[in-house]
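Per this note's numbering, the sequence shown starts with residue 51, numbered consecutively. From the three backbone atoms N, C-alpha and C, an ideal C-beta is built for every residue, glycine too. Quick caveat: nothing in here was measured; it's all calculated off a predicted structure. Presented below is the structure to which this report refers.
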Amino acid sequence: MRWAHPLLAAYSAFRSGHDLNNKLLRALLATEGAYEVVT
Numbered sequence: 051m052r053w054a055h056p057l058l059a060a061y062s063a064f065r066s067g068h069d070l071n072n073k074l075l076r077a078l079l080a081t082e083g084a085y086e087v088v089t
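Below, the structure is given as structure tokens:
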């Protein structure tokens, strides 16, 4: 997956690690309506 835009976001997690962060981002991008691209 390659994201061509800067990502401005905030969330809090305790010891989530790279794998969980990656899974979260992939789930977010796969969910229609979960994010908005603002130009």
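Backbone CA spacing between residue i and residue j [nearest angstrom]
i             : j            : result
histidine 68  : valine 88    : 26 angstroms
glutamate 86  : alanine 77   : 14 angstroms
tryptophan 53 : glycine 83   : 17 angstroms
tyrosine 61   : histidine 55 : 19 angstroms
Test item: CB-CB of residue i and residue j under 9 angstroms
i          : j          : result
alanine 63 : leucine 70 : yes
leucine 57 : serine 66  : no
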